[in-house]
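Undergrad: For the protein sequence lines, the chains are B and V, in the order given. If you count by full-length UniProt numbering, then the first sequence holds residues 1 to 202, one letter each, in order. If you count by full-length UniProt numbering, then the second sequence holds residues 1 to 202, one letter each, in order. What follows is a structure written as structure tokens; I'll ask about it next.
Protein chains: 2
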Amino acid sequence: MTTTDRPTTAKRDTYTPETLLAVAVSVFNERGYDGTSMEHLSKAAGISKSSIYHHVAGKEELLRRAVSRALDGLFAALEEPRAQRGRAIERVEYVTRRTVEVLMAELPYVTLLLRVRGNTQTERWALERRREFDQRVADLLKAAAADGDLRADVDIRLATRLLFGMINSLVEWYRPHPDGGAEQEQLVDTVVRMAFDGLRTG
Amino acid sequence: MTTTDRPTTAKRDTYTPETLLAVAVSVFNERGYDGTSMEHLSKAAGISKSSIYHHVAGKEELLRRAVSRALDGLFAALEEPRAQRGRAIERVEYVTRRTVEVLMAELPYVTLLLRVRGNTQTERWALERRREFDQRVADLLKAAAADGDLRADVDIRLATRLLFGMINSLVEWYRPHPDGGAEQEQLVDTVVRMAFDGLRTG
DNA sequence: CCTTGTCCCGACCGATCGTTCGGTTACTCT
DNA sequence: AGAGTAACCGAACGATCGGTCGGGACAAGG
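The structure is reproduced here in structure tokens:
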């Protein structure tokens with residue numbers, strides 16, 4: 001995660017692919033990916049348009065780096081021990097909680113991921129991986145339903161979609177608070193409670 | 001609503017602003033508004049690019065017509081008698097149901113509305129009217145909370161956002177079924193039940 | 001000193017953008 | 001038949017698109 005491989009943490013007065021990505025993703029989320037030109041990015045970054053190509057191959061690589069980061073965070077949640085072991089209902093609740101946490105921690109990147117349309121190859125790849133993640137969670141919900149831990153009067157596929165709809169909507173309004181660690185936890189609690197108090201048996 | 005003012009319903013073998021709008025909105029939703037060129041629209045409509053300008057003033061007018069139609073449908077739901085009279089909790093539940101119904105009935109137009117980013121004047125106007133609608137519903141929820149008909153342990157503003165997040169997510173996956181009138185009603189029921197069984201007192 | 005490599009720049013590329021224009025087809029009304 | 005007009009077209013407009021190119025400024029290492 002260091003910017004260079006020098007013995008001491010060097011000063012940062014120039015762009016790296018990562019720092020440039022942060023600026024680009026911010027603009028992408030404001031204007032939309034297709035609505036953002038390299039000229040917009042150069043203005044926001046404070047360097048010329050051609051200088052951007054010194055750090056990254058082009059516009060689409062910025063998108064690919066961004067959605068990759070989001071997807072890596074989401075899939076990592078599925079690999080955690082508490083998402084792998086235990087009763088299905090517990091695992092799905094844990095994954096729900098971690099998904100919300102990842103969404104808040106990597107907000108700009110997940111926001112961009114949730115808005116890709118599929119116009120380019122990179123976007124179609126992102127959509128495919130997103131569907132893969134959704135399917136993994138849907139399978140968890142299915143297992144919980146088989147255990148009898150979910151209400152029987154709701155369709156599992158529909159419930160999965162509504163659950164993700166609720167969670168993913170956070171990118172539309174959630175904005176991180178400087179010192180709001182406690183608030184974040186409370187927000188996660190509320191989301192999980194609101195989702196499962198309408199899902200859980202009894 | 002007739003295509004012309006002739007006594008009998010004339011044959012339709014040419015475009016009107018409305019029929020062209022239907023084609024355009026479909027492409028907008030596939031590629032995104034910014035990702036759609038007039039060339040894309042002309043291919044989808046089967047007429048030349050310049051011919052489009054015979055029917056509408058330009059690309060942005062198509063967007064304005066589309067989001068207007070969506071907003072008119074949503075606001076109309078707020079003006080219905082059952083949304084105006086009665087206990088607040090009943091009114092908010094009715095508005096929720098009607099919102100889902102309008103969303104399904106005007107799916108392409110509402111889909112487009114929910115994806116505008118605010119790059120142009122038309123998009124900013126759409127965002128403003130959307131916020132106005134959300135505020136009207138939030139006020140209803142607030143009134144229901146004051147009546148003691150909503151759980152006291154969830155923040156009203158947060159609950160409103162999660163409710164809309166769940167409802168609006170329908171545009172991401174719901175596709176109308178040819179003869180699925182009954183299925184539609186059942187879907188609306190499920191959405192409303194899942195939302196309020198996590199909200200209602202008791 | 002000179003080289004080397006990083007970081008950045010203005011100028012420019014072909015392609016595509018939304019839009020305009022002059023003109024042609026085809027149907028309607030008298 | 002002739003006039004009027006709605007619907008459409010190909011060609012072209014200036015602007016902007018993502019991306020390329022040759023070179024300058026500057027610091028590090030010899």
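Where is the CB? At the ideal position from N, CA and C, for every residue including glycine.
Taking R129 (chain V) as the reference, give the member of V:Q84, V:V67 and V:A138 with the closest Cα.
TA: Indexing the second sequence from 1 puts residue 129 (chain V) at position 129. The shortest C-alpha separation from R129 (chain V) is found at V:V67.
Undergrad: DSSP three-state call for R175 (chain V): helix, strand or coil?
TA: Indexing the second sequence from 1 puts residue 175 (chain V) at position 175. It is coil, neither helix nor strand.
Undergrad: Entirely within the UniProt domain "HTH tetR-type" (14-74) of chain V and at least 3 residues each: give me those beta strand (DSSP E) ranges in chain order.
TA: The UniProt domain "HTH tetR-type" (14-74) of chain V contains no whole beta strand (DSSP E) run of 3 or more residues.
Undergrad: Quick check: is the beta carbon of E185 (chain B) nearer than 8 Å to any beta carbon in chain V?
TA: Stepping through the first sequence from its first residue, residue 185 (chain B) is reached at position 185. Chain V contact via Cβ: absent.
Undergrad: Would you mind telling me which residues of chain B sit closer than 8 Å to F164 (chain V), beta carbon to beta carbon, in chain order?
TA: The residue labelled residue 164 (chain V) in the question sits at position 164 within the second sequence. The contacting residues are S169.
Undergrad: Closest Cβ-Cβ distance between Q173 (chain V) and chain B: below 8 Å?
TA: Against the second sequence, residue 173 (chain V) aligns to sequence position 173. Residue identity differs from the one stated: residue 173 (chain V) is Trp in this sequence, not Gln. Yes, W173 (chain V) counts as interfacial toward chain B.
Undergrad: Flag this pair as touching only if the stretch 24-32 of chain V and the stretch 54-73 of chain V have three or more C-beta atom pairs under 8 Å; answer yes or no.
TA: The stretch 24-32 of chain V vs the stretch 54-73 of chain V: in contact.
Undergrad: So if DSSP puts R115 (chain B) in a beta bridge, which residue, or which two residues, is it bridged to?
TA: Position 115 of the first sequence, counted from the start, is the residue given in the question as residue 115 (chain B). DSSP output for R115 (chain B) lists no bridge partner at all.
Undergrad: Taking its Cβ as the centre, do 16 or more other Cβ atoms sit within 10 Å of D147 (chain V), making it buried, or is it exposed?
TA: As a first step, residue 147 (chain V) must be located in the second sequence, where it is residue number 147. The residue in question, D147 (chain V), is exposed, as its Cβ has fewer than 16 Cβ neighbours within 10 Å.
Undergrad: Does the separation of the CB atoms of L107 (chain V) and V56 (chain V) fall below 8 Å?
TA: For the purposes of this step, residue 107 (chain V) is identified with residue 107 of the second sequence, where counting begins at 1. For the purposes of this step, residue 56 (chain V) is identified with residue 56 of the second sequence, where counting begins at 1. In this structure, V56 (chain V) does not lie closer than 8 Å to L107 (chain V) by Cβ.
Undergrad: Would you say L158 (chain V) lies against chain B (beta-carbon separation less than 8 Å)?
TA: Looking up residue 158 (chain V) in the second sequence gives position 158. True, the Cβ-Cβ gap to chain B drops below 8 Å.
Undergrad: Please report the Cβ distance between E60 (chain B) and T99 (chain B), rounded to the nearest whole angstrom; I am assuming they are in contact, meaning their Cβ atoms lie under 8 Å.
TA: Looking up residue 60 (chain B) in the first sequence gives position 60. Looking up residue 99 (chain B) in the first sequence gives position 99. That belief does not hold up - the Cβ atoms of E60 (chain B) and T99 (chain B) are roughly 26 Å apart, past 8 Å.
Undergrad: Can you round the beta-carbon distance between A88 (chain B) and L162 (chain B) to whole angstroms, since I take them to be within the 8 Å contact cut?
TA: Along the first sequence, read from residue 1 onward, the residue named residue 88 (chain B) stands at position 88. Along the first sequence, read from residue 1 onward, the residue named residue 162 (chain B) stands at position 162. That belief does not hold up - the Cβ atoms of A88 (chain B) and L162 (chain B) are roughly 18 Å apart, past 8 Å.
Undergrad: Hey, could you find the ends of the alpha helix (DSSP H) T122 (chain B) is sitting in?
TA: Mapped onto the first sequence, residue 122 (chain B) falls at position 122. Run containing T122 (chain B): Q121 to A146, per the alpha helix (DSSP H) assignment.
Undergrad: Would you tell me roughly how many angstroms separate the C-alpha atoms of A24 (chain V) and T16 (chain V), rounded to the nearest one?
TA: Along the second sequence, one-based indexing puts residue 24 (chain V) at 24. Along the second sequence, one-based indexing puts residue 16 (chain V) at 16. Taking the straight line from one Cα to the other gives about 12 Å.
Undergrad: Output the distance between the C-alpha atoms of A195 (chain V) and E90 (chain V), rounded to the nearest integer angstrom.
TA: Numbered from its first residue, the second sequence carries residue 195 (chain V) at position 195. Numbered from its first residue, the second sequence carries residue 90 (chain V) at position 90. Near 14 Å, if we compare the C-alpha coordinates of E90 (chain V) and A195 (chain V).
Undergrad: In chain order, what residues of the same chain have a beta carbon less than 8 Å from the beta carbon of L112 (chain B), not counting five sequence neighbours either side?
TA: As a first step, residue 112 (chain B) is located in the first sequence; it is residue number 112 there, counting from the start. Cβ within range, chain order: V25, F28, N29, Y33, L63, A66, V67 and A70.
Undergrad: Hey, would you say V92 (chain B) sits closer than 8 Å to L74 (chain B), going by beta carbons?
TA: The residue labelled residue 92 (chain B) in the question sits at position 92 within the first sequence. The residue labelled residue 74 (chain B) in the question sits at position 74 within the first sequence. No; because the gap between Cβ atoms is not below 8 Å, this pair is not in contact.
Undergrad: Just reading off the alpha helix (DSSP H) that L162 (chain V) is part of, what are its end residues?
TA: In the second sequence, counting from the first residue as 1, residue 162 (chain V) sits at position 162. I156 to N168 is the extent of the alpha helix (DSSP H) around L162 (chain V).
Undergrad: Please state whether DSSP places R91 (chain V) in a helix, a strand or coil.
TA: Numbered from its first residue, the second sequence carries residue 91 (chain V) at position 91. Of the three classes helix, strand and coil, the one that applies to R91 (chain V) here is helix, per DSSP.
Undergrad: Using beta carbons (cut-off 8 Å, strictly below), is D149 (chain V) in contact with chain B?
TA: Walking along the second sequence from the start, residue 149 (chain V) turns up at place 149. No, D149 (chain V) lies away from the interface with chain B (no Cβ there is under 8 Å from its Cβ).
Undergrad: Helix, strand or coil for R200 (chain B) per DSSP?
TA: Within the first sequence, residue 200 (chain B) is the residue found at index 200, counting from 1. The answer is strand: DSSP assigns R200 (chain B) an E or B state.
Undergrad: Just grab the DSSP bridge partners of residue 210 (chain B) for me.
TA: Outside the displayed range of chain B (1 to 202) lies residue 210 (chain B), so it cannot be described from this structure.
Undergrad: Is the shortest distance between the beta-carbon of M38 (chain B) and the beta-carbons of chain V less than 8 Å?
TA: Stepping through the first sequence from its first residue, residue 38 (chain B) is reached at position 38. It does not; no Cβ of chain V falls within 8 Å.
Undergrad: I want to see whether chain B comes within less than 8 Å of R117 (chain V), judged by CB atoms only; does it?
TA: Along the second sequence, read from residue 1 onward, the residue named residue 117 (chain V) stands at position 117. Output row for R117 (chain V): interface = yes.
Undergrad: For D149 (chain B), which option in B:E132, B:R200, B:D134 and B:N168 has the closest C-alpha, if you only look at C-alpha atoms?
TA: Start at 1 with the first residue of the first sequence, and residue 149 (chain B) comes out as number 149. Of the candidates B:E132, B:R200, B:D134 and B:N168, the one whose C-alpha sits nearest the C-alpha of D149 (chain B) is B:R200.
Undergrad: R85 (chain B) by DSSP, collapsed to three states: which one?
TA: Position 85 of the first sequence, counted from the start, is the residue given in the question as residue 85 (chain B). Note: R85 (chain B) maps to coil in three-state DSSP.
Undergrad: Quick check: what's the CA-CA separation for R117 (chain B) versus L170 (chain B)?
TA: By one-based count along the first sequence, residue 117 (chain B) stands at place 117. By one-based count along the first sequence, residue 170 (chain B) stands at place 170. Rounded to whole angstroms, R117 (chain B) to L170 (chain B) spans 19 Å at the Cα level.
Undergrad: From the beta carbon of V154 (chain V), is the nearest beta carbon of chain B less than 8 Å away?
TA: By 1-based counting over the second sequence, the position of residue 154 (chain V) is 154. Yes, V154 (chain V) lies at the interface with chain B (some Cβ there is under 8 Å from its Cβ).
Undergrad: Examine chain B for any beta-carbon lying closer than 8 Å to the beta-carbon of M194 (chain V), and answer yes or no.
TA: Stepping through the second sequence from its first residue, residue 194 (chain V) is reached at position 194. Output row for M194 (chain V): interface = yes.
Undergrad: Looking at the structure shown, is E80 (chain B) part of a helix, part of a strand, or coil, going by DSSP?
TA: Walking along the first sequence from the start, residue 80 (chain B) turns up at place 80. Coil.
Undergrad: Measure from the C-beta of D13 (chain B) to each C-beta in chain V and report whether the shortest distance is under 8 Å.
TA: Your numbering for residue 13 (chain B) matches position 13 in the first sequence. Closer than 8 Å: no.
Undergrad: What number of angstroms, rounded off, separates the C-alpha of E183 (chain B) from the C-alpha of R175 (chain B)?
TA: Taking the first sequence and counting its residues from 1, the one referred to as residue 183 (chain B) is at position 183. Taking the first sequence and counting its residues from 1, the one referred to as residue 175 (chain B) is at position 175. One C-alpha to the other measures close to 11 Å.
Undergrad: In chain order, what residues of the same chain lie with their CB nearer than 6 Å to the CB of A44 (chain V), ignoring the 5 residues before and after it?
TA: Your numbering for residue 44 (chain V) matches position 44 in the second sequence. If we look at A44 (chain V) and ignore the five residues flanking it on each side, its Cβ neighbours are V23 and V27.
Undergrad: Please say whether E172 (chain V) and G165 (chain B) have beta carbons closer to each other than 8 Å?
TA: Numbered from 1 along the first sequence, position 165 holds the residue referred to as residue 165 (chain B). Numbered from 1 along the second sequence, position 172 holds the residue referred to as residue 172 (chain V). In this structure, E172 (chain V) lies closer than 8 Å to G165 (chain B) by Cβ.
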